[in-house]
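Chemist: Just passing along the structure, written as structure tokens.
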Amino acid sequence: MNYSLCKLLFMTPLHAGNSDRASSLDASEMSLCADTLFSALCCTADIDSGGAAARELCEWASEGQLYLSDMMPYHKENFYIPRPYLLPRIQRSDVRADRKAMKNLKFLPLVDLPDYIAHMTDGSDFSPEGIFSDFGVYDSVAKVSLKGMEVSSPYSVGTFSFDKDCGLYFIMASPCEDILEKMERLVILLGLSGIGGKVSSGYGKFRLAEDPYIFDGESAEDGEIRILQRMLSEEFPSYMSITTSLPNGDEMEKALAGSSYSVRRRGGFVRSRALKSASKKGTQFFLGAGSVFKTKYEGGMYSVSKNAGHPVLRYSKPIFLGVDHQ
1 MNYSLCKLLF MTPLHAGNSD RASSLDASEM SLCADTLFSA LCCTADIDSG
51 GAAARELCEW ASEGQLYLSD MMPYHKENFY IPRPYLLPRI QRSDVRADRK
101 AMKNLKFLPL VDLPDYIAHM TDGSDFSPEG IFSDFGVYDS VAKVSLKGME
151 VSSPYSVGTF SFDKDCGLYF IMASPCEDIL EKMERLVILL GLSGIGGKVS
201 SGYGKFRLAE DPYIFDGESA EDGEIRILQR MLSEEFPSYM SITTSLPNGD
251 EMEKALAGSS YSVRRRGGFV RSRALKSASK KGTQFFLGAG SVFKTKYEGG
301 MYSVSKNAGH PVLRYSKPIF LGVDHQ
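Residue 129 in our numbering sits at position 129 of the sequence shown; the count goes up by one each step and never skips.
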């Protein structure tokens with residue numbers, strides 16, 4: 001399997017709605033799930049192709065030719081991953097003061113993963129207090145809706161603006177190098193139009209912070225890249241998903257055996273030039289990124305078309321990182 005890491009530098013604020021909430025316009029998340037990324041890539045590929053390019057992406061994913069991670073934060077040269085969803089095996093009374101800070105720690109520096117797993121396994125010292133987490137600033141922008149209304153209707157849009165040296169990255173995987181090269185070009189085009197919500201208002205525009213890093217199996221000089229390469233390619237006692245995803249029906253029982261997982265609601269709307277008004281996607285509940293499993297699963301592409309008038313698929317093909325957790 002070939003892997004490519006894309007590091008994004010955001011030029012405008014990001015609006016990333018939270019599907020766990022019934023209303024997500026007035027607030028924003030800092031990161032995006034893989035199904036949102038995949039949908040945005042399909043919309044970008046669909047421009048001037050009559051839908052053929054988007055169908056090709058869906059075929060690649062369905063046939064195991066394309067895998068995506070969620071979009072996760074970075075700070076300078078430090079990559080962050082979802083905090084592994086593990087329950088402590090040993091309760092220590094002297095670390096109670098850290099519980100709130102630990103709960104609020106959504107992302108963990110990759111280099112701190114071994115210490116965190118040791119803490120959850122045998123109670124070794126680990127404090128979240130010194131971990132950098134100031135990736136940017138949340139804000140709310142007041143707007144007024146006038147279209148088709150006699151009386152103006154005010155509303156607010158939640159945004160997140162990344163600080164200098166901060167942004168999001170994600171990993172793509174494919175057994176075919178040509179597919180990764182095509183996807184990298186598509187990511188560049190996506191940055192021009194933007195990702196997330198309210199892109200018509202200019203939100204979510206980005207550019208590549210640097211050339212995508214290709215994991216070619218050779219020894220990498222960069223410490224964190226070398227760690228990621230090992231976690232992606234070698235065998236481990238357990239595997240942590242970095243993709244919010246769902247096993248298919250045949251995989252479910254085996255995937256959940258001995259696992260430790262969180263659940264996330266996935267909803268959203270269909271973006272399509274064939275629709276005059278927004279159409280809701282079907283709602284599903286996925287296993288959150290950071291969930292830990294004893295065995296990997298393949299996932300699938302799920303039909304979530306309700307009133308779109310054409311097939312709409314939700315992406316669910318995970319990438320896993322190996323972790324030393326028995």
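Note that beta-carbon positions come from the ideal geometry of N, C-alpha and C, so glycine has one too.
What residue from Ile81, Arg266, Ala34 has the CA that sits closest to Ala61's CA?
Modeler: For the residues Ile81, Arg266, Ala34, the minimum Cα distance to Ala61 belongs to Ala34.
Chemist: Any idea if Cys42 is buried or exposed, counting beta-carbon neighbours within 10 angstroms, 16 or more meaning buried?
Modeler: Buried, by the Cβ-count rule.
Chemist: When the Cα of Arg314 is compared with those of Ser259, Pro247, Glu251, Val292, which residue comes out closest?
Modeler: Taking only the C-alpha atoms, the option nearest Arg314 is Pro247.
Chemist: Between the alpha carbons of Leu190 and Ser124, how many angstroms are there, rounded?
Modeler: Distance between the alpha carbons of Leu190 and Ser124 is about 43 Å.
Chemist: Please classify Lys100 as buried or exposed, where buried requires at least 16 other C-beta atoms within 10 Å of its C-beta.
Modeler: Exposed.
Chemist: Nearest-angstrom Cα distance between Ala97 and Ser238?
Modeler: Summary for Ala97: the model assigns pLDDT 49, below 50, so the residue's position carries little reliability, and this model does not support an answer.
Chemist: Where are the alpha helix (DSSP H) runs, 4 residues long or more, that stay fully inside the segment 30-84, in chain order?
Modeler: Correct list: 34-46, 52-62.
Chemist: Along the chain, where does the alpha helix (DSSP H) containing Met252 start, and where does it finish?
Modeler: That run of the alpha helix (DSSP H) goes 252-256.
Chemist: Under a three-way DSSP split, which group does Ile179 fall into?
Modeler: The answer is helix: DSSP assigns Ile179 an H, G or I state.
Chemist: Below 8 Å on the Cβ atoms is my guess for His15 versus Ser4; work out the distance and round it to an integer in Å.
Modeler: Contact flag wrong, Cβ pair sits at about 26 Å.
Chemist: Do you know offhand how far Phe132's Cα is from Ala209's?
Modeler: Taking the straight line joining both Cα atoms gives about 20 Å.
Chemist: May I ask you to report which of helix, strand or coil DSSP gives Leu168?
Modeler: Reduced to three states, the DSSP call for Leu168 is strand.
Chemist: Compute the distance between the beta-carbons of Ile242 and Pro82, then report whether it is under 8 Å.
Modeler: In this structure, Pro82 lies closer than 8 Å to Ile242 by Cβ.
Chemist: Would you call Gly158 buried or exposed, if buried means 16 or more other Cβ atoms sit within 10 Å of its Cβ?
Modeler: It counts as buried.
Chemist: Can Leu287 and Ser245 be called in contact, C-beta distance under 8 Å?
Modeler: Closer than 8 Å, so yes.
Chemist: Helix, strand or coil: which one does DSSP assign to Gln326?
Modeler: Here Gln326 sits in coil by DSSP.
Chemist: With a threshold of 6 Å on Cβ separation, who are the neighbours of Leu192 within its own chain once the five nearest residues in sequence on each side are excluded?
Modeler: Excluding positions up to five away in sequence, the list is empty.
Chemist: Quick one: grab the DSSP three-state call for Met231.
Modeler: Of the three classes helix, strand and coil, the one that applies to Met231 here is helix, per DSSP.
Chemist: Name the residue from Lys205, Phe215, Asp139 whose alpha carbon lies nearest to the alpha carbon of Pro175.
Modeler: Checking every option, the nearest Cα to that of Pro175 belongs to Phe215.
Chemist: Taking the beta carbon of Tyr74 as the centre, do at least 16 other beta carbons fall within 10 Å, making it buried, or is it exposed?
Modeler: When all chains shown are included, Tyr74 counts as buried.
Chemist: Which residue from Met172, Val263, Lys198 puts its Cα closest to that of Tyr213?
Modeler: Considering only alpha carbons, the answer is Met172.
Chemist: Spell out the partners DSSP gives Gly267 in its beta bridges.
Modeler: None, per the DSSP bridge assignment.
Chemist: Hey, Ala255 and Phe293 are a contact pair by Cβ (cut 8 Å); roughly how many whole angstroms apart?
Modeler: The Cβ separation is near 6 Å, so the contact holds.
Chemist: Rounding to the nearest angstrom, what Cα-Cα distance links Glu177 and Cys6 in this structure?
Modeler: Near 15 Å, if we compare the C-alpha coordinates of Cys6 and Glu177.
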